[in-house]
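Working notes for the structure below.
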Amino acid sequence: MDCPQCNVEMQELSGDDTVITRCPDCECLWTDVAELNRILLHNNLPGLETMGGKPNADAATGPCPIDNIDMIAVEGGHKHSLSFETCEVCGGVWVEAEGEVVTLKDAVAEIVGFFKYFRNHAA
Ligand SMILES: [Zn+2]
Ligand SMILES: [Zn+2]
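When you line the sequence shown up against the numbering used here, it's residues 9 to 131, in that order.
Set out below in structure tokens:
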């Protein structure tokens with residue numbers, strides 16, 4: 009699976025029944041929706057569908073690495089300063105990591121941190 013932004017092969021971080029895919033170039037993280045919801049619920053956050061956020065049809069997005077169709081940007085957080093991209097077909101979610109991601113634990117922490125902030129400020 010290639011990164012939609014960089015076209016480089018992404019790496020799978022896996023363990024404990026969880027798989028998150030990361031791009032070694034841009035540090036973006038990819039997860040399917042079932043996986044994401046499991047991570048969110050496990051960390052006392054609501055599922056993605058109740059996370060709020062506002063789709064921005066005008067935002068430039070990359071193609072879904074699985075379906076190869078353009079993803080949709082969803083904005084949230086303080087003054088809509090955060091956004092993730094999601095695929096309408098497979099429901100996969102694409103999030104930019106803030107810090108360095110080496111292990112699966114790092115990736116989970118990034119995703120949980122992102123959605124915590126995303127949700128707290130969602131209008
Ligand atoms: Zn990338
Ligand atoms: Zn897709």
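Where a beta carbon is used, it is the ideal one built from N, C-alpha and C, also for glycine. It should be emphasised that the depicted structure is a prediction, and the values quoted were computed from it without experimental measurement.
| Item | Value |
| --- | --- |
| Throw me the rounded Cβ distance for the threonine 26 and tryptophan 38 pair, which I believe falls under 8 angstroms. | About 13 angstroms; that fails the 8 angstroms criterion. |
| In its own chain, which residues sit with a C-beta less than 8 angstroms from the C-beta of valine 120, not counting the 5 before and 5 after it? | Ile47, Leu48, Asn51 and Leu53 |
| Give the secondary structure of glutamate 96 by DSSP, where H, G and I count as helix, E and B as strand, and everything else as coil. | coil |
| Buried or exposed for valine 82, going by 16 or more other Cβ atoms inside 10 Å? | buried |
| With distance defined between alpha-carbon atoms, name the residue in Cys31, Asp66, Val97 and Asp78 nearest to cysteine 14. | Cys31 |
| Is cysteine 14 near ligand 1 - that is, is its Cβ less than 7 angstroms away from at least one heavy atom of it? | yes |
| Can you grab the Cα-Cα spacing for the pair histidine 129 / valine 41, in whole Å? | 21 angstroms |
| Can the beta-carbon of valine 103 be found less than 8 angstroms from the beta-carbon of cysteine 11? | no |
| Examine ligand 1 and report whether any of its heavy atoms sits within less than 7 angstroms of the Cβ of cysteine 72. | no |
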